[in-house]
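Counting from 1, position 40 in the sequence shown corresponds to residue 40 in the UniProt record's numbering; the numbering is continuous, with no gaps.
In what follows, a structure is listed as structure tokens, so that the remarks can point back to it.
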Amino acid sequence: MGRPKVDGRPGGKKAKDPNKPKRSTSAYFYYLAFCREEAKKAGKSISKIAEFTKECSEKWRNLDAKGKKRFDEQAANDKARYDKEMSSYTGGKSSKTKDPNQPKKPMTGYFLFLADFREKHRGKDIPNKELLKLAGEEWREMDDSQKMPYEKKSQEEQKKYEVAMANFRKGGASANGGGDDDEDEEDLEDEEDDDDDE
């Protein structure tokens with residue numbers, strides 16, 4: 001089945017916010033950049049990155065505080081820049097609040113199975129991580145006929161969700177998918193108001 005999709009992308013990794021400030025660079029990484037520049041100036045080939053980095057790392061460990069001072073200052077300046085940018089950064093999606101009436105997405109067949117699995121093992125002293133591992137193993141061992149009730153229920157819930165979302169997008173119908181009752185009540189109120197006018 002693979003890893004879950006996040007933001008439509010496989011692998012379970014969230015898309016990075018392009019507006020998020022770049023993280024601050026450490027003194028060590030400033031030193032590595034300095035080493036690369038020095039090697040280029042000296043005409044040294046940096047074809048074996050791992051070896052080159054190992055050499056630079058050894059030099060960094062042997063460098064005294066006076067030798068590291070320049071790089072520490074660069075890192076401190078960059079940290080101040082990062083902190084300043086982060087203080088004004090609002091975040092990717094935090095500015096957009098989710099409507100509390102918006103219908104919730106239905107659970108997949110696996111998550112419906114997981115809910116049943118948790119219920120069966122309620123009261124047993126099994127750590128959550130272990131419980132999830134056991135559930136995953138059992139799900140993978142099940143054949144399609146055993147998974148079918150969960151998948152079928154998931155598909156039914158998906159259809160209900162799509163109807164509820166269509167109603168929600170049309171104009172704020174309630175999350176439970178029923179918007180018609182509200183309209184009927186409004187029609188009745190309008191008729192009563194008309195009767196009062198006569």
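Using N, Cα and C, we set each Cβ at its ideal position, and we do this for glycine too.
Model, not experiment: these values are computed from the prediction.
{"Item": "Using the three-state DSSP reduction, which class does Lys-72 fall into: helix, strand or coil?", "Value": "One detail in the question is off: residue 72 reads as Asp in this sequence, not Lys. In this structure, Asp-72 counts as helix in the three-state DSSP scheme."}
{"Item": "From Ile-126, Lys-69, Tyr-161, pick the residue whose C-alpha is nearest to that of Lys-105; which is it?", "Value": "Tyr-161"}
{"Item": "Cβ atoms of Tyr-150 and Phe-113: under 7 Å apart, would you say?", "Value": "yes"}
{"Item": "Could you pull out every unbroken alpha helix (DSSP H) segment of at least 4 residues lying fully inside the UniProt DNA-binding region \"HMG box\" (21-90), listed in chain order?", "Value": "27-41, 49-62, 65-88"}
{"Item": "Within 10 angstroms of the Cβ of Phe-71, are there 16 or more other Cβ atoms? Answer buried if so, exposed if not.", "Value": "buried"}
{"Item": "Under a three-way DSSP split, which group does Lys-14 fall into?", "Value": "coil"}
{"Item": "Considering only the beta carbon of each residue, do Tyr-82 and Ser-26 sit closer than 7 Å?", "Value": "no"}
{"Item": "If you drop the 5 nearest sequence neighbours on each side, which residues of the same chain put their C-beta closer than 8 Å to that of Met-107?", "Value": "Ala-115, Ser-154, Glu-157"}
{"Item": "Under a Cβ-count criterion, where at least 16 other Cβ atoms within 10 Å of its own Cβ denotes burial, should Pro-18 be classed as buried or exposed?", "Value": "exposed"}
{"Item": "Going by other Cβ atoms of all chains shown within 10 Å of its Cβ, with 16 needed for buried, is Pro-103 buried or exposed?", "Value": "buried"}
{"Item": "State the DSSP-derived secondary structure class of Arg-169, mapped to helix, strand or coil.", "Value": "helix"}
{"Item": "Should residue 201 and Tyr-30 be called a contact, given that it needs their Cβ atoms to be closer than 7 Å?", "Value": "Here the chain has residues from 1 to 198 only, and residue 201 is not among them."}
{"Item": "Do Asp-64 and the ligand SAM come close, with the Cβ less than 6 Å from some heavy atom?", "Value": "Of ligands this structure carries none, so the ligand SAM is not represented either."}
{"Item": "Around the Cβ of Gly-109, are there at least 16 other Cβ atoms within 10 angstroms (buried) or fewer (exposed)?", "Value": "buried"}
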